[in-house]
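Participant: Letter 89 of the sequence shown, counting from 1, is numbered 89 in full-length UniProt numbering, and no numbers are missing. Beta carbons: idealized from backbone N, C-alpha and C, even for Gly. A single structure is presented below for examination.
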Amino acid sequence: MKMSRKKYSEDFKKTIVDLYHSGSSVKDLSSEYGVTEVTVYKWIKQLTPVQSGEEEVTPKDINEMQKEMQRIKQESEIFKKAMAIFAKK
């Protein structure tokens with residue numbers, strides 16, 4: 001029997017993390033909201049801000065920025081190759 005994965009909104013996840021930072025235990029949050037403790041810990045890790053100069057950045061934000069940088073690098077390489085092809089003509 002395959003278990004279906006529940007999808008939680010970003011707002012729900014942030015609320016759980018905020019409640020954790022306000023003093024609620026992971027165990028209490030898990031039982032009250034029907035989310036596994038492992039999942040709560042994962043959200044805490046992903047959504048807890050890291051102070052970076054003037055801005056707060058979460059590990060999730062960093063991951064998204066890294067993916068975007070990789071996409072931009074790939075586009076840049078494609079553009080460079082295309083420019084080299086057109087320069088030969």
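Rounding to the nearest angstrom, what Cα-Cα distance links residue 45 and residue 59 in this structure?
Facilitator: Along the sequence shown, read from residue 1 onward, the residue named residue 45 stands at position 45. Along the sequence shown, read from residue 1 onward, the residue named residue 59 stands at position 59. About 7 Å.
Participant: Taking the beta strand (DSSP E) that residue 35 falls in, what are its first and last residues?
Facilitator: If you number the sequence shown from 1, residue 35 lands on position 35. Taken as a continuous stretch (DSSP letters only), residue 35 belongs to no beta strand (DSSP E), as it is neither H nor E.
Participant: Measuring alpha carbon to alpha carbon, tell me which residue in 27, 50 and 49 is nearest residue 39.
Facilitator: As a working mapping, residue 39 is identified with position 39 in the sequence shown. The option with the nearest alpha carbon to residue 39 is 27.
Participant: Within 10 angstroms of the Cβ of residue 16, are there 16 or more other Cβ atoms? Answer buried if so, exposed if not.
Facilitator: As a working note, residue 16 is residue 16 in the sequence shown. Result: buried.
Participant: Quick check: the Cα distance between residue 75 and residue 68, rounded to an integer number of angstroms?
Facilitator: Position 75 of the sequence shown, counting from 1, holds the residue named residue 75. Position 68 of the sequence shown, counting from 1, holds the residue named residue 68. Straight-line Cα distance between these residues: approximately 11 Å.
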